[in-house]
Amino acid sequence: MNNNILSVRELTESDIPFLINYWLSADADFLAGMGADIAKLPARQDWEKMLAKQLTQSYKEKESYCIIWLSNNEPVGHSNVNKIKFGEEAYMHLHLWKADKRQKGIGARFVKMTLPYFFDNLLLKKLYCEPYALNPAPNKTVEKIGFTFIKEHISVPGSLNFEQLTKLWELSYDDFKQLK
172 MNNNILSVRE
182 LTESDIPFLI
192 NYWLSADADF
202 LAGMGADIAK
212 LPARQDWEKM
222 LAKQLTQSYK
232 EKESYCIIWL
242 SNNEPVGHSN
252 VNKIKFGEEA
262 YMHLHLWKAD
272 KRQKGIGARF
282 VKMTLPYFFD
292 NLLLKKLYCE
302 PYALNPAPNK
312 TVEKIGFTFI
322 KEHISVPGSL
332 NFEQLTKLWE
342 LSYDDFKQLK
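Just so you know, we're using the numbering used here here: the sequence shown kicks off at 172 and counts up by one.
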């Protein structure tokens, strides 16, 4: 019997330390495996300011928008979007903080619960995800959900990333509405 109750919600002030600790306590190999460069991580105070700012902004003003993933009401990960063009598009990132929650198929369930926040609150027409090509987990997750593969190319997909081979995936609003 599975007693794992999954839920999602918008970032709150109490989530900020968990999110920052996920990044700042990760070792260089773990970060490199997802395409992140440890040298590009902001200082704790800078991260706190950025996340606190997100809490005060309207959807239209947001530069980043974070949804917290919970298992039995415990924060275990997050998904965020950046490169937001309100009413048009954004780029999604996926992170399960707890190693014991990974590779259990719950990432896809969390993403499906997260998508309405991104599409409905940001009025998106398209949502992209551009994971490191050598990181199989997010690529399998978005494919399983129904994102369309667009291309594989060299990119720097975010401010924390090094130049890398990425896979670009897209989910249109119409395809989002068809998801079960």
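Just so it is clear, CB atoms sit at the ideal spot from N, CA and C, and this is done for glycine as well.
Given Leu-350, which residues of its chain have a CB within under 8 angstroms of its CB, disregarding the five upstream and five downstream residues? Here residue 350 is taken as the residue at index 179 of the sequence shown, counted from 1. For Leu-350, where only same-chain residues beyond five positions count, the Cβ hits under 8 angstroms are Lys-283, Leu-286, Ile-316 and Gly-317.
Pick from His-266, Leu-226 and Gly-276 that is closest to Gly-204, judged by C-alpha positions: Position 33 of the sequence shown, counting from 1, holds the residue named residue 204. Looking at the Cα atoms, His-266 is the closest of the given residues.
Using CA coordinates, which residue listed in Ile-325, Ile-176, Leu-190 and Lys-233 is at the minimum distance from Gln-216? Residue mapping note: residue 216 aligns to position 45 of the sequence shown, counting from 1. Nearest option by C-alpha distance: Leu-190.
DSSP three-state assignment for Pro-246, whether helix, strand or coil: Taking the sequence shown and counting its residues from 1, one reaches residue 246 at position 75. Three-state DSSP puts Pro-246 in a strand.
Give a yes or no on whether the C-beta atoms belonging to Leu-339 and Ile-325 are separated by under 8 angstroms. In the sequence shown, residue 339 corresponds to position 168, counting from 1. In the sequence shown, residue 325 corresponds to position 154, counting from 1. No, they are not a contact pair.
Excluding the five sequence neighbours on either side, which residues of its own chain have a C-beta within less than 8 angstroms of the C-beta of Tyr-288, listed in chain order? To locate residue 288, count along the sequence shown from 1; it is residue 117. So the list reads Val-179, Glu-181, Tyr-236 and Ile-238, once near-sequence residues are dropped.
To the nearest angstrom, how far is the alpha carbon of Lys-292 from that of Lys-256? Counted from its first residue, the sequence shown places residue 292 at position 121. Counted from its first residue, the sequence shown places residue 256 at position 85. Note on identity: in this sequence residue 292 is Asn, with Lys being the wrong assignment. Distance between the alpha carbons of Asn-292 and Lys-256 is about 12 angstroms.
For Met-172, which of helix, strand or coil comes out of DSSP? Position 1 of the sequence shown holds residue 172. Annotation note: pLDDT 40 at Met-172 (below 50); position unreliable, coordinate value reported separately. Met-172 falls in the coil class under three-state DSSP.
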